[in-house]
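J.: To start, I am sharing the structure in question, which I have written as structure tokens.
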Amino acid sequence: MMLMLSLGFLACLILKEILCILCFTHFFLVYLYYRFKDKRIWILFILLSLLSCILVYPKEVQQQDTYKITEIKKGYYIGKNRGSKILIQTDLDLSFQDEVKVKHIEPIHTDDNFTLFSFTRYNENKNIRFKTNSVEIIHKSTSFKSRLYNYLKLKPNSSIVLSLYYGIHDESIDEIYTMLGYGYMSAYYIVLHVLKRKWDETKIRRILLVFSVLFGHFFVFTLAFTRFILYQLSTLLFTSKPNQMAFTILCFGTIYPNQVLSISFICPLLLQLVSYFCTKHKWIVQKMVLLGLMFIYFKKVNLISLLFFNGFRKLYGLIFLFGFIVQDLINLKLPDLTIRYAPRILFIVLFIIFYIQCLKHFKWKYLWICIVPFLEIYCNPFFQVYTLNIGQADCSIIVEPFHKSVVMIDCGQNLYRDNVERIIMPFLENKNIHAIDTLILTHDDFDHNGGYDSLKDKIEIKQVIEDSNQSVYVDYPFYNYVIRENYLLLSERESKDTNDSSIISYFTYDHLTYLFMGDASKRIEKQLMATYDLKADVIKVGHHGSNTSSDPDFLDSLDCKIALISCGYKNKYGHPSVETLKTLENLHINTLCTSDCGSIAMYSLFHFSFVVTNDGMFGIIWT
């Protein structure tokens, strides 16, 4: 009963929206009535639901100018002033409890894309919405916590020790072990297993609980470590596993209501549920749960880490215990056998296997089901058009149904980061794209073709088009107004301006027609009007929405329904221009901009089309 109530409370926290919580509460109360027929349970869950509404209600955080360092991460720090937190990016060598003065703050923004990790949302869940790179040290801490950290980071092979002790991720350790805090957890169970042979287990658990709290005080209370302390406490208060899990859920949800979907909490909880409900072949189900969670949270899985998960977990426990003493033994790195494709229907498969296992009808032959998710990409019947959010640059990807062909238009770079390394390749890998049939480089600008040298070294590119006289060889009906085998317009164009030499792509699939303008100006748009009688349902507007493009008469002649704009967040060029946005608004063209809504995806199947954006917007395209 207590477990059911806690899972209901957890569901309320996950839903977050007050209205959704109230609707869920209504239906869950009906379930509780028919399941337990006890009014006291009703009252208790109503109270829990009201509590969840209070916990998830957005709170206004007042930004202060002075912060104390409370967390240290790889590449940045977290400062805290009362209830306010801020992300600090600086070259200064800071330690725990150092006080710094913040001179300037700005909202945290990253170029988020489908299926890829969102640093912005990650920090929002931690109630961190602002960052700064302008700080000065007010007071250098001399506390024991600070001195201990400074001592450890100077040790040989300190990166692994810091990862296990402070949760500071290191490349030599699979991220899941750091996120789940398995260094301390495994060390705890090793010590417990050794000591309980001679002393009473309950007394040992009490001593270890006190030691855990002290450890968190002198090191850091990570999410995983806090959850584990709560579970330690639950084992002393309750004897049954369901009540222990319920207590942990209720306490963790109350302390960290916005982080109940963190892998640091979800993974141990699911493994505990599997351990409790499964009777036979439990390890198979646990491995499948781990596989799914690794794909969902990390978008990749190291098969070596997955297969030998329990072994590595114990190894890191030993390193945690003896890392101070034997430094040379911890200089290790897991072999890399990584799969980067994350099937979306993996959840369904996991539940099927879990269901089979719970019914005690598990047979080895059912394992073939595990292969099904990896075939999903080849069974996808939708025509897909992606506009990636890569800042002040351009990159669009067009995927034919059933993965028959892939066309990429531009692969632009960013002056401050490698877009190919950080965004384009992870996206392609996640979509299980291992080759590009045709790469169209619209013109010779860094923000359009700057990533080509990097891209060609990482993925097979069968055809590169840099001249509008070339043809695109794909199976689906790309077409030109005059020559249907070609989809590039104004092939005989002459221009001294690099932007006006942009290759213009015009194609159709199903019932939708697409027009990609590159950086072409209004002069080229007028040439198009004079040469062709174009109609387009979707237009990728020219030059990132600049006022040098998007002539009102041209856009009106196209009879567009959707306009796509690729530009950087708060870019120095002021793209998209107010003039362009006003023109699109006056023509009643729905406008989607990557700087506002993130990456954009369009799907089409049998005259049914819809658009999805990275920020959660969904819309059906009517023709």
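So the sequence shown is numbered by my numbering: it starts at 19 and just counts up by one. Glycine included, C-beta positions come from ideal geometry on N, C-alpha and C.
Per DSSP, what kind of secondary structure is F237 in: helix, strand or coil?
T.: Within the sequence shown, residue 237 is the residue found at index 219, counting from 1. Here F237 sits in coil by DSSP.
J.: Express the C-alpha separation of K34 and Q115 in angstroms, rounding to a whole number.
T.: Here residue 115 refers to the residue found at position 97 when the sequence shown is read from its first residue. Here residue 34 refers to the residue found at position 16 when the sequence shown is read from its first residue. Near 32 Å, if we compare the C-alpha coordinates of K34 and Q115.
J.: From L288 to I178, what distance separates their C-alpha atoms?
T.: Walking along the sequence shown from the start, residue 288 turns up at place 270. Walking along the sequence shown from the start, residue 178 turns up at place 160. Their backbone Cα atoms lie some 27 Å apart in a straight line.
J.: Taking the C-alpha atoms as reference points, what is the distance between T631 and T609?
T.: Mapped onto the sequence shown, residue 631 falls at position 613. Mapped onto the sequence shown, residue 609 falls at position 591. Distance between the alpha carbons of T631 and T609: 12 Å.
J.: I need the straight-line Cα distance from W217 to Y206, nearest angstrom please.
T.: Along the sequence shown, read from residue 1 onward, the residue named residue 217 stands at position 199. Along the sequence shown, read from residue 1 onward, the residue named residue 206 stands at position 188. Going from the Cα of W217 to the Cα of Y206 covers about 15 Å.
J.: So what's H561 in DSSP terms, helix, strand or just coil?
T.: Position 543 of the sequence shown, counted from the start, is the residue given in the question as residue 561. DSSP, read as helix, strand or coil, puts H561 in helix.
J.: Identify whether S523 lies in helix, strand or coil by the three-state DSSP scheme.
T.: Position 505 of the sequence shown, counting from 1, holds the residue named residue 523. DSSP places S523 in strand when its eight states are reduced to three.
J.: Once DSSP output is grouped into helix, strand and coil, what is the label at S102?
T.: Numbered from 1 along the sequence shown, position 84 holds the residue referred to as residue 102. DSSP places S102 in strand when its eight states are reduced to three.
J.: List the endpoints of the continuous beta strand (DSSP E) containing H466.
T.: To locate residue 466, count along the sequence shown from 1; it is residue 448. From DSSP, H466 is part of no beta strand (DSSP E) but of the alpha helix (DSSP H) over F464 to N467.
J.: Taking only the alpha-carbon atoms, compute the straight-line gap between K121 and Y94 and give it to the nearest angstrom.
T.: Here residue 121 refers to the residue found at position 103 when the sequence shown is read from its first residue. Here residue 94 refers to the residue found at position 76 when the sequence shown is read from its first residue. Their Cα atoms are separated by approximately 17 Å.
J.: Near P260, which residues of its chain fall below 8 Å by C-beta distance, leaving aside the five closest residues on each side in sequence?
T.: Residue 260 sits at position 242 when you count from the first residue of the sequence shown. The residues are M20, L21 and Y294.
J.: Taking only the alpha-carbon atoms, compute the straight-line gap between S595 and N565 and give it to the nearest angstrom.
T.: Taking the first residue of the sequence shown as position 1, residue 595 is located at position 577. Taking the first residue of the sequence shown as position 1, residue 565 is located at position 547. Between the alpha carbons of S595 and N565 lies a gap of roughly 6 Å.
J.: Classify Y49 as buried or exposed, calling it buried when 16 or more other Cβ atoms lie within 10 Å of its own Cβ.
T.: Translated into positions along the sequence shown, residue 49 becomes position 31. In the assembly as shown, Y49 is an exposed residue. Its beta-carbon has fewer than 16 other beta-carbons within 10 Å.
J.: How many angstroms separate the CA atom of Y184 from the CA atom of K91?
T.: Position 166 of the sequence shown, counting from 1, holds the residue named residue 184. Position 73 of the sequence shown, counting from 1, holds the residue named residue 91. Computed Cα separation, rounded: 9 Å.
J.: Among L68, I146 and I155, which residue has its Cα nearest to the Cα of D111?
T.: For the purposes of this step, residue 111 is identified with residue 93 of the sequence shown, where counting begins at 1. The shortest Cα separation from D111 among L68, I146 and I155 belongs to I155.
J.: Alpha carbons only, please: which of T598, H529, G536 and L546 is nearest the one belonging to W640?
T.: If you number the sequence shown from 1, residue 640 lands on position 622. When only C-alpha atoms are compared, the closest one is H529.
J.: Which residues mark the beginning and the end of the alpha helix (DSSP H) in which A205 is found?
T.: Position 187 of the sequence shown, counted from the first residue, corresponds to residue 205. It spans Y200 to L213 - the alpha helix (DSSP H) in which A205 sits, taken as one unbroken run.
J.: Report buried or exposed for V228, applying the criterion of at least 16 other Cβ atoms within 10 angstroms of its Cβ.
T.: Start at 1 with the first residue of the sequence shown, and residue 228 comes out as number 210. Label assigned to V228: exposed.
J.: I'd like to know whether the C-beta atoms of F148 and E117 end up nearer to each other than 8 Å.
T.: Counted from its first residue, the sequence shown places residue 148 at position 130. Counted from its first residue, the sequence shown places residue 117 at position 99. Cβ atoms of F148 and E117: not closer than 8 Å.
J.: Report the residue from S523, T531 and N517 whose alpha carbon sits nearest the alpha carbon of S539.
T.: Here the question's residue 539 lines up with position 521 in the sequence shown. Answer by Cα proximity: N517.
J.: Who are P125's beta bridge partners in DSSP?
T.: Along the sequence shown, read from residue 1 onward, the residue named residue 125 stands at position 107. Answer is F148.
J.: Which complete alpha helix (DSSP H) runs does the region 586-623 hold, if anything under 4 residues is left out?
T.: 596-604 and 612-615
J.: I need the boundaries of the alpha helix (DSSP H) containing E142, first residue and last residue.
T.: By 1-based counting over the sequence shown, the position of residue 142 is 124. Its alpha helix (DSSP H) spans residues F137 to E142.
J.: For the region 289-329, list the beta strand (DSSP E) runs that are entirely contained and at least 3 residues long, ordered along the chain.
T.: none
J.: In whole angstroms, what separates the C-alpha of N711 from that of I557?
T.: Any property of residue 711 remains undetermined from this structure, which presents the chain solely from 19 to 641.
J.: Which residues in the same chain as D18 place their Cβ atom closer than 7 Å to its Cβ, once the five residues preceding and following it in sequence are excluded?
T.: What is shown of the chain runs 19 to 641, which leaves residue 18 out entirely.
J.: List the endpoints of the continuous beta strand (DSSP E) containing Y550.
T.: Translated into positions along the sequence shown, residue 550 becomes position 532. First-last for Y550: undefined, no H or E at that position.
J.: Under 8 Å between the Cβ atoms of M547 and S575?
T.: Position 529 of the sequence shown, counted from the start, is the residue given in the question as residue 547. Position 557 of the sequence shown, counted from the start, is the residue given in the question as residue 575. The answer is yes: Cβ separation under 8 Å.
J.: Take R245 and list the residues in its own chain whose beta-carbon comes closer than 6 Å to its own, dropping the five residues that flank it on each side.
T.: Locating residue 245 in the sequence shown gives position 227, where the first residue counts as 1. Correct list, in chain order: F270 and F283.
J.: Identify which residue in D551, G586 and S230 has its Cα closest to the Cα of D571.
T.: Taking the sequence shown and counting its residues from 1, one reaches residue 571 at position 553. Of D551, G586 and S230, the residue nearest in Cα terms is D551.
J.: Could you give the residue range of the beta strand (DSSP E) that holds E405?
T.: By one-based count along the sequence shown, residue 405 stands at place 387. The sequence given here has Thr at residue 405, not Glu. Here the beta strand (DSSP E) through T405 covers F401 to T405.
J.: If you check the beta carbons only, do N99 and K119 fall under 8 Å apart?
T.: Taking the sequence shown and counting its residues from 1, the one referred to as residue 99 is at position 81. Taking the sequence shown and counting its residues from 1, the one referred to as residue 119 is at position 101. No, they are not a contact pair.
J.: For V629, write down the residues that DSSP places opposite it in a beta bridge.
T.: Taking the sequence shown and counting its residues from 1, the one referred to as residue 629 is at position 611. DSSP output for V629 lists M620 and G637 as bridge partner(s).
J.: Whose C-beta lies closer than 7 Å to the C-beta of T253 among residues of the same chain, with five residues either side of it excluded?
T.: The sequence position of residue 253 within the sequence shown is 235, counting from 1. These residues qualify, in order along the chain: R223 and Q262.
J.: If you compare alpha carbons, which of L68, T150 and T128 is closest to K103?
T.: Translated into the one-based positions of the sequence shown, residue 103 becomes position 85. Out of L68, T150 and T128, T150 has the C-alpha closest to the C-alpha of K103.
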